[in-house]
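Below is one structure, written out as C-alpha cells; comments come after it.
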Amino acid sequence: MYLLKQQIDIVPYSQFKEMVRSGQIKECFIGTNKITGTYFTQMKSLDSLRQFYGFAIDTCSTEDAAKSEYRGFWSKIDSVFNAAIGEEKKNLKKKLAVKNFETIRVDDPELVKQLESHGVKFTGQGEAGWFVKFLVSWVFPLLILFVIWGFFFRRMNPTGGMMSIGKSKAKVYVEGKTGVTFKDVAGIDEAVEEVKEIVEFLKHPQKYQQLGGRIPKGVLLVGPPGTGKTLLARAVAGEAAVPFFSMSGSDFVEMFVGVGAARVRDLFQQAAKQAPCIIFIDELDALGKARSTGPVSGGHDEREQTLNQLLTEMDGFDPNIGVIIMAATNRPEILDLALLRPGRFDRQVVVDRPDINGREAILKVHAKKVKLGKGVDLRVIAARTPGFVGADLANVVNEAALLAVRRGKKIIEMEDLEEAIDRVVAGLERKSRVLNKKEKEIVAYHESGHAMVGYFLPNTDPVHRVSIIPRGVAALGYTLQLPTEDRYLMTKSELESKLKVLLGGRVAEEIVFKEISTGAQNDLERATQIAKSMVVEYGMSKTLGPISYGRQQSMFLGQPLPESRPYSEHVAAEIDSEVRKIVEEAHAEVKKLLTEKRDKLEALAQQLLETEIVEGDELAEILGKKE
C-alpha cells in the first residue's frame with residue numbers, strides 16, 4: 003500500500019545494476035516479471051554530503067570519501083556512524099531522501115551475488131510450477147471461452163441445449179396452479195357439461211372402475227379460434243386439482259430427425275410419473291395432419307414419425323392410471339382418421355361461437371375486472387355482437403376501458419362499449435386520412451348504395467349505422483348491419499339479398515358518376531364467393547342441379563381451401579357461367595332499385611357528406627317507409 007501511494011521511478015535494468023554497485027539500493031523485491039524497491043538519492047558532491055552528515059564526513063579523509071562514493075559509500079558511512087555516533091545513526095539516516103523504483107526483471111544469475119556483496123536487503127517470489135503455468139496458459143482461457151459460448155448459445159436457444167433436445171417442452175402446472183376453474187368459463191355451457199365427467203373421474207376414479215366403465219382416453223375440443231378451448235382445458239385441470247401438461251403441436255417437431263418421437267415418449271413418461279394428470283396439446287392439426295397417401299412423402303417423414311409415436315403411446319397406456327389427453331384444433335377436417343377412432347380421441351366436444359345468452363355471460367365475466375357505469379346494459383352489447391367469440395368480447399371490454407381512460411372518465415359508459423365494438427368490427431378510426439372532395443363524394447354514394455339496398459330489400463339484417471369515416475387498413479367507410487337474432491341457416495333468398503347488398507355500392511357509383519372505382523374490390527370478392535358457394539356447395543343452381551362439388555371453405559376458419567376440382571373442365575365452365583349469371587342478375591335488380599329511388603340516394607349521400615355518420619333511426623327518417 004505504501005508503494006502505491008508513492009511516486010515510482012521507472013529505471014532501466016542497466017541503471018539498476020549501477021545503483022546496486024554504487025550502494026544506492028536500500029531494499030528490493032524480485033518478482034516474476036519485475037523488480038521493485040527503494041533507493042537513496044545519490045549525492046553529487048561532498049558539500050551536499052557534509053550538509054546531511056555533518057561531523058561524520060569530517061572523520062573521514064577526502065580520499066576515503068571520494069572512494070566510497072563509488073565503492074560502497076553507504077557501507078563506509080555505516081561503519082563511521084557506528085564508531086563515531088553509535089545510536090545517532092538511525093536518526094541521521096532518516097534525513098536521507100528515499101524514493102521508490104521499478105524495473106523489468108532480466109534473467110541475470112549474478113544479481114543475487116551482487117545484492118549480497120553490497121549489503122542490499124532483498125526478497126523474491128518463486129516461479130510457478132508447470133501445472134500452474136498450464137492452468138493459466140491453457141485451461142483458464144478455454145474455460146472462459148466455453149462459458150461465453152454457452153451464454154450466447156442459451157440466449158439463442160432458451161429451451162435448452164443439445165442434451166435436452168429430446169426432452170418434452172411441455173409447461174407443467176402443478177396441482178391447483180392453473181388458476182382457472184369453471185367459474186371463469188362462460189358462454190359454452192354444453193362443452194363444460196361434457197368435460198365435467200372427466201373432472202369427476204380424476205377425483206373419484208373408483209366410481210367408474212366399480213361398474214367396469216372406462217373414461218375416454220382422449221377428448222378433442224373443436225371450434226373456431228378464440229372460443230375458449232384452451233381455457234376450458236385449463237379449467238378442467240384447475241377443478242380436478244391435478245398436474246396439467248400444456249404443449250403446442252408444433253413443439254414436437256425440430257430440425258433433427260427423430261426428435262419429435264422422442265419428445266412424445268418423454269411427455270408420456272413424465273405424465274405417468276405424475277398421474278393422475280392432464281396432457282393438453284394445443285393446435286393438434288400441426289401434429290396430427292392426415293398422412294400423405296402418395297408413394298413419396300418427402301419432408302413429411304419427421305411429422306409422420308411423430309404422429310405414429312403419438313398413436314402408439316395413446317394405445318399403450320392404461321386409461322385407469324388417470325392420464326387424460328385433451329387436444330384442441332380449429333381444423334378437424336384435416337386430422338388423420340387414426341387419431342379420431344375410439345380408443346384414442348373417443349370424444350369430440352364442439353366449442354362453438356356463443357349465442358346471445360352466452361355472449362352476455364362472457365361479458366359479465368370480463369366486466370368483473372372493470373368499473374362499469376349504471377347505464378351499461380350488457381344484454382344490448384351482447385345483441386350488438388353476433389358472431390363474436392370470447393376473445394372478441396374480452397377485446398371489446400378492454401378497448402372500452404382504454405377509451406374511457408383516454409377520455410378522462412372514472413367508469414366505462416355505454417358509448418365507450420359501442421365505440422369499442424366499432425373498433426373491433428371495422429378497425430380504428432383514421433381521421434388523419436383526409437379524402438379530397440371527389441373521393442369523399444364517391445365514398446358517400448357508395449355507402450348510401452349499400453345502406454339503401456339493405457334497408458329496402460326483404461330478408462336482410464337491419465342497417466344499424468352508415469359511416470364515411472376511414473377505418474382500419476383500407477376501409478374508407480362502412481355500413482353496419484346487425485341481425486335481430488342468432489341464425490344458423492340461410493335460405494336461397496337470404497343469400498341473394500346479402501349478395502345484392504354487397505353490390506349496392508358499386509351500382510350506386512355507376513348510376514351517379516357513370517363510372518366505377520376500386521372501392522368495390524372487397525365487395526365483389528365476397529359477392530363472388532357467395533355465388534360460387536350457392537352453385538358448388540349448396541346445389542342452388544337450376545342448371546347444375548342439387549349436386550355438391552366440394553367444400554370451398556374451412557369448417558371453422560372460414561378460409562378458402564386449396565383449389566381442387568373433382569369435376570371435369572366442362573362442369574367447371576358451367577360453374578363459372580352460373581356464378582356470373584347469379585351476380586349479373588343481382589346487379590340488374592340492384593340497379594333497378596337504386597334508379598327508382600335516386601332521390602333518396604341523393605338525400606342519404608348528402609346527409610353523410612354533412613355529418614359523416616348516420617344511425618339507424620335517422621336512416622329510417624331519410625329513406626322513409628319500406629314498401
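Residues 3 to 629 in our numbering are what the sequence shown lists, from first letter to last.
For each residue, glycine too, the CB sits at the ideal point set by N, CA and C.
- In the DSSP assignment, G39 forms a beta bridge with C30 and F103.
- Only residues of its own chain outside the window of five on either side were considered, and among them S250 and G251 have a CB closer than 6 Å to the CB of E285, listed in chain order.
- In the displayed model, T597 falls within a helix according to three-state DSSP.
- Per DSSP, the beta-bridge partners of I281 are F247 and I327.
- Contact between the stretch 262-271 and the stretch 217-224 is absent: fewer than three C-beta pairs spanning the two stretches fall below 8 Å.
- Going by beta carbons, L309 and R346 fall outside the 8 Å limit.
- Counting the other Cβ atoms within 10 Å of the Cβ of T545 gives fewer than 16, which makes it exposed.
- Pairing T232 with I513, the inter-Cα distance amounts to about 51 Å.
- The Cβ atoms of G451 and A529 do not sit closer than 8 Å to each other.
- Around K593, the same chain offers V509 as residues with beta carbons nearer than 6 Å, after the five sequence neighbours per side are excluded.
- Rounded to the nearest whole angstrom, the C-alpha separation of I336 and A288 is 10 Å.
- Here V367 carries a helix assignment [DSSP, helix/strand/coil].
- Q311 has its alpha-carbon roughly 11 Å from the corresponding atom of E304.
- Distance from the Cα of L505 is smallest, within the candidate group E623, D619 and Q531, for Q531.
- Per DSSP, the unbroken alpha helix (DSSP H) holding G392 starts and ends at G392 to R408.
- Counting every other CB atom within 10 Å of its CB across the protein chains shown gives M536 a total of 16 or more, marking it as buried.
- For the set S543, M542 and Y569, the Cα lying nearest the Cα of G552 is the one of Y569.
- Of the other Cβ atoms in all chains shown, 16 or more fall within 10 Å of the Cβ of M21; this residue is therefore buried.
- For the set I283, K185 and V244, the Cα lying nearest the Cα of L222 is the one of I283.
- By the criterion of a C-beta distance shorter than 7 Å, T481 is surrounded in its chain by E449, H452, A453, G456, V465 and V468, once the five residues flanking it on both sides are discounted.
- In this structure, I383 keeps its C-beta atom at 8 Å or more from the C-beta atom of L405.
- In the DSSP annotation of this structure, the continuous segment of the alpha helix (DSSP H) that includes I532 starts and ends at Q523 to V538.
- For V468, the enclosing beta strand (DSSP E) covers residues V465 to S469.
- Taking a C-beta distance under 8 Å as the contact criterion, L234 and V187 qualify as a contact pair.
- With a beta-carbon spacing of about 5 Å, V445 and L478 fall inside the 8 Å limit used to define contacts.
- Around the beta carbon of K205, fewer than 16 other beta carbons lie within 10 angstroms, which makes this residue exposed.
- In summary, S550 is exposed, with fewer than 16 beta-carbon neighbours lying within 10 Å of its beta-carbon over all protein chains present.
- Assigned with DSSP and collapsed to three states, D317 falls in helix.
- For K411, no beta strand (DSSP E) segment is defined, and its DSSP state is neither H nor E.
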